[in-house]
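So the numbering used here is basically just the index in the sequence shown, starting at one, shifted up by 102.
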Amino acid sequence: MCCISYPKQKRMARWRAEVRVQFGSEESAKVALASLDVDEELHPEVVRRDMIVADSELVVRFASEDPKNLRNSVNGIFDMIALVDQVFQTEFK
103 MCCISYPKQK
113 RMARWRAEVR
123 VQFGSEESAK
133 VALASLDVDE
143 ELHPEVVRRD
153 MIVADSELVV
163 RFASEDPKNL
173 RNSVNGIFDM
183 IALVDQVFQT
193 EFK
């Protein structure tokens, strides 16, 4: 299992979300994690983002006190995952 964790918030977040994406292999999921980790969370003081690889699955967890910032972070990760997938599809056929 591989993981990236960001500094913990001082209090328990009210809003949470989890995104799970299945890749073809654990190696592909790790490449995706490394690619996504380059892009820092826009508001790390408001939204916490943790990413792990479990087998061939990328798991991204979010926590926030503010639902709007949480939604923006989740939408952003979907955009980035779509881009990573597009690169996989064109480069690793």
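Just so you know, even glycine gets a beta-carbon here, dropped at the ideal spot from N, CA and C. Keep in mind the model is a prediction, meaning the values are calculated, not measured.
Under the Cβ criterion (8 Å, minimum of three pairs), the segment 165-172 counts as touching the segment 145-155.
Of the candidates Asp187, Asp181, Val140 and Ser130, Ser130 places its Cα closest to the Cα of Glu159. In the three-state scheme derived from DSSP, where H, G and I count as helix and E and B as strand, Ser127 is classed as coil.
By the CB criterion at 8 Å, Val121 and Val162 fall inside the cutoff. Nearest in C-alpha terms to Arg118, of all of Leu135, Val176 and Glu128, is Val176.
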